[in-house]
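Report on one structure; see the data block that follows.
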Amino acid sequence: MSNIEVIPNSSSARDLYLTLVKAAEEEILLIFPTTNSFIRQEKIGVIQVAKKVAKELNVQVRILMPVHESTGQSAQSLRGQNGNAIDVRNIEQT
């Protein structure tokens, strides 16, 4: 049985999250159920770190997110970077 650790401090959780993204060796899978979740992740630096890891370590990044006018330019920019290392797919938000 694995151990479960509760991280009560949000800054510690964010640091751990970014560390895990930086440590990826093969693939990073990111699922954003809402437009706001994508915007929050972009603000804390997850998208930037994922782009850097894709470029420097040749890690495949796959992002699943809803289509919205506020994130369209960011998604298009991600698609055009690093060849096929970053794959952005859209889901319909209900």
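In terms of the working numbering, the sequence shown is residues 528 to 621. Idealized CB from N, CA, C, for every residue including glycine.
DSSP three-state assignment for residue i, whether helix, strand or coil
i, result
"Ile-618", "strand"
"Ser-539", "helix"
Beta-carbon spacing of residue i, residue j below 8 Å
i, j, result
"Ile-613", "Lys-579", "no"
"Gln-587", "Glu-553", "yes"
"Val-548", "Val-573", "yes"
"Met-592", "Asn-617", "yes"
"Val-623", "Leu-543", "The question about residue 623 has no answer here: the residues shown for the chain are numbered 528 through 621."
(request) Indicate whether the contact test is met: 3 or more Cβ pairs, each with one atom in the segment 531-538 and one in the segment 561-581, closer than 8 Å. (result) no
(request) Enumerate, from N- to C-terminal direction, the unbroken beta strand (DSSP E) stretches of 3 or more residues contained entirely within the segment 544-614. (result) 554-558, 587-593
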